[in-house]
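Colleague: The listed protein sequences correspond, in order, to chains A and B. For the first sequence, my numbering assigns the number 1 to the initial residue and increments by one for each residue that follows. For the second sequence, my numbering assigns the number 1001 to the initial residue and increments by one for each residue that follows. Glycine included, every Cβ here is placed at the ideal spot set by N, Cα and C. Since the structure is predicted, the reported quantities are computational estimates derived from the model, not experimental observations. Before I ask anything, here is the structure I am working with.
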Amino acid sequence: MLQVNNIEVTYMNIIQVLRGVSLEVGDGKIIALLGANGAGKTTTLKAISGLLKTEEGEVTDGSIVFDGKRIDRYGPVEIAAMGITQVMEGRRVLGHLSVEENLMVFAHNRKDRKEVKADIEKVFEYFPKVKTLRRQTSGYLSGGEQQMMVIGRGLMARPKLMLLDEPSLGLAPLLVQEIYEIIRRINAEQKMAILLVEQNARAALGIADYGYVMENGRVVLSGAADMLRDNEDVQEFYMGLSAAGSKKSYREFKHYRRKKRWVT
Amino acid sequence: MSFFLQLVVSGFALGMVYALIAIGFVIILKCSKAFNIAQGHFVMIGGYLGFTFLVTFHLPVWASLILAVAAAIILGLLIERFTLRPLVGQPVLAVIMMTIALATVLEGLATLVWGGEYKTYHGVLPTITLKIGELSIPPETLIGVMVSIAVVTILMLFFRYTRSGLAMMATAEDEQVVQSAGIKVTTVYALSWVIACVVGVIGGIILGGVSGVMIPLANVGLKAFAVVLLGGVNSIGGAIVAGIMVGVLENIAAGYLDPLLPSGGGLASVFPFIVMIIVLIFRPHGLFGLVEIERI
Ligand SMILES: Nc1ncnc2c1ncn2[C@@H]1O[C@H](COP(=O)(O)OP(=O)(O)O)[C@@H](O)[C@H]1O
Ligand SMILES: [Mg+2]
């Protein structure tokens, strides 16, 4: 369904961040993309979704193919229309809008009004906690509720492939478990493929079929999820680190203010 | 008492127009994060368009309004497409400079087309004067109030209940998220300029009916600016309440305070700004400004 072939990505024509990244997502699969802070995971997702172009980033080499079509030349709006939705890192709620309005924004291009209504109820079925908050201003929700809402928001676009960027960021372990359980359910019931970016390797490999590990803009390791789980390096560098590192990454977390926006 | 009521009623009418114009301001501020210096100039153009359609072409009020709105839509689309879209991604300051340039160009164009002299369309409006008790409301004011209430209501419904309205509110929050939802933000920008032009032009027709049209009609933009700061820069509801407040205060100042001054007047136009300064000192976000929501 998705093939990323040896892509290189440069920001503002000078900062090279990805140096040949290849990965593949099969129909209906959950693929984990792991790595420490700054490895280039988010950049990889933005290259796929086209959001890179809103930050003056560019795929300078390699190709990205989705359903047999080369998509790396397209912008985020076209790519969203093809059936790829990115759930961005840091939740990015539309804070002054209500929960339901947040959901509706992602149904903007859909004509099937009845089904949109049904999908909203479907989202609330997956996330019953959020249902009771449907008319609340989303900015005041707790971190976990917001994370649930933005995953649900992504679902409203009915994507074939969802790119999920660090859904466990800053959340308590129990909540992470709950959200991961729902992600697994969504994947199974909606037959929706998921490319899951995480620093929390333990959580991600718990539900993934296959995984890639990135370092310094390259994929350094890949394999079936259970194989990676048993791999000593992964255990040492990513599982050990993820427990202690979750706090660290939370503090370091920041958005990159875009200097120049590119819009379609 | 009836004098007071008269002042409040005509102040409310004036205030609704301010609110209308201020909404145009808020929309641009929300979507493009820039102050639109040309907002008052849309008002001035509206006044002249009103003169052209009502007086030069002898058209009825409704036809004049429709034509003026059509012209405003075209103007908004042209302005966005040719002056602001090339600036997408540039610093906000560039956008503000562009609106200053636009203001100057519109002023020049208006002088070219309509000449510099004072135009008025007194007498072309139907001569109905509404009388409620001792209160009498002249036709300009009556039509003005009805039109501005109608437009403000339509806009509120638009933001609340339509997808495009929601897309605009969402764009004001996070452009990147909106694009990831598959929404073209250029369409949203175009729509925001169209709305700014339309409310400006409609406001201009109403004000032109009340007080005539000249180039300095554009200065009402400054008052809309005060309204926006008073209401809270990013709040449409705030702009409406503050608009009415400013209109009423201005009229009350004109009615009660100006006669007491040795100069015999002048306070009316300053009074709203004094109120604005006082409010801002105590509430920097304005009366109803959306506060940045921060969660740790
Ligand atoms: N918009 C940007 N402009 C310039 N550099 C960026 C931008 N976004 C990310 N980077 C840089 O790219 C590298 C990888 O970042 P990122 O893809 O966010 O990594 P990860 O998601 O794995 O933490 C970092 O060194 C970061 O500083
Ligand atoms: Mg990241």
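List, in chain order, every chain B residue whose beta-carbon is nearer than 7 Å to that of Pro-76 of chain A.
Modeller: What Pro-76 of chain A touches in chain B: Gln-1179 and Ser-1180.
Colleague: Going along chain B in order, which residues have a C-beta closer than 7 Å to the C-beta of Gln-190 of chain A?
Modeller: The contacting residues do not exist; Gln-190 of chain A stays about 18 Å from chain B at best.
Colleague: Within 10 angstroms of the Cβ of Ser-1180 of chain B, are there 16 or more other Cβ atoms? Answer buried if so, exposed if not.
Modeller: Burial call: buried.
Colleague: Counting only beta-carbon separations shorter than 7 Å, does Lys-1033 of chain B have a partner in chain A?
Modeller: No, because no Cβ of chain A sits closer than 7 Å to the Cβ of Lys-1033 of chain B.
Colleague: Can you tell me the Cα-Cα spacing of Leu-1049 of chain B and Ala-1068 of chain B, whole angstroms?
Modeller: Spanning the two alpha carbons is a distance of roughly 6 Å.
Colleague: Enumerate, from N- to C-terminal direction, the unbroken beta strand (DSSP E) stretches of 3 or more residues contained entirely within the stretch 150-213 of chain A.
Modeller: Fully enclosed beta strand (DSSP E) runs of 3 or longer: 161-165 and 193-198.
Colleague: For Arg-91 of chain A, which option in A:Leu-141, A:Thr-132 and A:Lys-111 has the closest C-alpha, if you only look at C-alpha atoms?
Modeller: When only C-alpha atoms are compared, the closest one is A:Leu-141.
Colleague: Note down, in chain order, each residue of its chain lying with its Cβ closer than 6 Å to the Cβ of Val-176 of chain A, except the 5 sequence neighbours on either side.
Modeller: The answer, listed in chain order, is Ser-168 and Ala-203.
Colleague: Could you have a look at Glu-8 of chain A and say whether DSSP puts it in helix, strand or coil?
Modeller: The answer is strand: DSSP assigns Glu-8 of chain A an E or B state.
Colleague: If you draw a straight line from the alpha carbon of Leu-1135 of chain B to that of Glu-78 of chain A, how long is it in whole angstroms?
Modeller: Spanning the two alpha carbons is a distance of roughly 59 Å.
Colleague: Measuring CA to CA, which of A:Ile-183, A:Asn-200 and A:Ala-201 is closest to Ile-194 of chain A?
Modeller: It is A:Ile-183.
Colleague: Tell me the rounded alpha-carbon separation between Leu-1260 of chain B and Ala-1268 of chain B.
Modeller: Distance between the alpha carbons of Leu-1260 of chain B and Ala-1268 of chain B is about 12 Å.
Colleague: Is there a Cβ from chain A that is less than 7 Å from the Cβ of Glu-1173 of chain B?
Modeller: Judged by the 7 Å Cβ criterion, Glu-1173 of chain B is in contact with chain A.
Colleague: So, does the stretch 1190-1207 of chain B touch the stretch 126-133 of chain A, judging by three or more C-beta pairs under 8 Å?
Modeller: The stretch 1190-1207 of chain B is not in contact with the stretch 126-133 of chain A.
Colleague: Just to confirm, is the Cβ distance from Lys-41 of chain A to Val-197 of chain A under 7 Å?
Modeller: Going by C-beta atoms, Lys-41 of chain A is nearer than 7 Å to Val-197 of chain A.
Colleague: At 3 residues or longer, what runs of the beta strand (DSSP E) sit wholly inside the stretch 1125-1193 of chain B?
Modeller: 1130-1132 and 1135-1137, all fully within the stretch 1125-1193 of chain B.
Colleague: Please check the pair Gly-1204 of chain B and Gly-1047 of chain B, which I expect to be a contact at CB under 8 Å, by giving their CB distance rounded to whole angstroms.
Modeller: 4 Å between Cβ atoms; contact.
Colleague: List the DSSP bridge partners of Ile-15 of chain A.
Modeller: Paired residues: A:Tyr-11.
Colleague: Taking the alpha helix (DSSP H) that Asp-61 of chain A falls in, what are its first and last residues?
Modeller: Per DSSP, Asp-61 of chain A belongs to no alpha helix (DSSP H); it is in the beta strand (DSSP E), 57-66.
Colleague: Would Ile-7 of chain A pass as a contact of Ala-47 of chain A if the rule is Cβ separation under 7 Å?
Modeller: Yes, the Cβ-Cβ distance between Ile-7 of chain A and Ala-47 of chain A is below 7 Å.
Colleague: What does a CB cutoff of less than 7 Å around His-96 of chain A pick up in its chain, not counting 5 residues either side in sequence?
Modeller: Excluding residues within five positions, the ones whose Cβ falls inside 7 Å are Thr-137 and Gly-139.
Colleague: Taking the alpha carbon of Phe-127 of chain A as the point to measure from, which residue in A:Val-116, A:Glu-181, A:Leu-94 and A:Met-82 has its own alpha carbon closest?
Modeller: Considering only alpha carbons, the answer is A:Glu-181.
Colleague: Among A:Gln-235, A:Leu-51, A:Met-12 and A:Lys-111, which residue has its Cα nearest to the Cα of Asp-226 of chain A?
Modeller: Nearest option by C-alpha distance: A:Gln-235.
Colleague: Please confirm whether any heavy atom of ligand 4 lies closer than 6 Å to the CB of Asn-37 of chain A.
Modeller: Ligand 4 is absent from the structure shown, which contains only ligand 1 and ligand 2.
Colleague: Please classify Lys-111 of chain A: does DSSP put it in a helix, a strand, or coil?
Modeller: Coil at Lys-111 of chain A, not helix or strand.
Colleague: The stretch 1096-1109 of chain B: which residues have C-beta closer than 8 Å to a C-beta of chain A, in chain order?
Modeller: Those would be none; no residue qualifies.
Colleague: Using CA atoms only, rank isn't needed, just tell me which of A:Leu-34, A:Asn-5 and A:Gly-20 is closest to Tyr-212 of chain A.
Modeller: Of the candidates A:Leu-34, A:Asn-5 and A:Gly-20, the one whose C-alpha sits nearest the C-alpha of Tyr-212 of chain A is A:Leu-34.
Colleague: Expressed to the nearest angstrom, what Euclidean distance is found between the alpha-carbon atoms of Val-87 of chain A and Thr-1162 of chain B?
Modeller: Approximately 24 Å, taken between the alpha carbons.
Colleague: Pick helix, strand or coil for Glu-1292 of chain B, following the three-state DSSP scheme.
Modeller: Coil, per DSSP.
Colleague: Contact between the stretch 1021-1036 of chain B and the stretch 1163-1173 of chain B is defined here as three or more beta-carbon pairs at a separation below 8 Å; is this criterion met?
Modeller: The answer is yes - the stretch 1163-1173 of chain B touches the stretch 1021-1036 of chain B, with three or more Cβ pairs under 8 Å.
Colleague: Counting only beta-carbon separations shorter than 7 Å, does Met-104 of chain A have a partner in chain B?
Modeller: Yes, Met-104 of chain A counts as interfacial toward chain B.
Colleague: Skipping 5 residues on each side, what residues in its chain have a beta carbon closer than 7 Å to that of Ala-1254 of chain B?
Modeller: Ala-1268.
Colleague: Against chain A, does Leu-1157 of chain B count as a neighbour if the rule is that its beta carbon must be under 7 Å from one of theirs?
Modeller: Taking Cβ atoms only, chain A never reaches closer than 7 Å to Leu-1157 of chain B, which makes this a no.
Colleague: Any beta carbon from chain B within less than 7 Å of Gln-3 of chain A's own beta carbon?
Modeller: No, no contact with chain B.
Colleague: Touch check for the stretch 1017-1025 of chain B and the stretch 1228-1244 of chain B: three-plus C-beta pairs under 8 Å?
Modeller: Contact holds: three or more Cβ-Cβ distances are below 8 Å.
Colleague: Within 8 Å, do at least three Cβ pairs link the stretch 1215-1226 of chain B to the stretch 1101-1113 of chain B?
Modeller: Segments in contact, yes.
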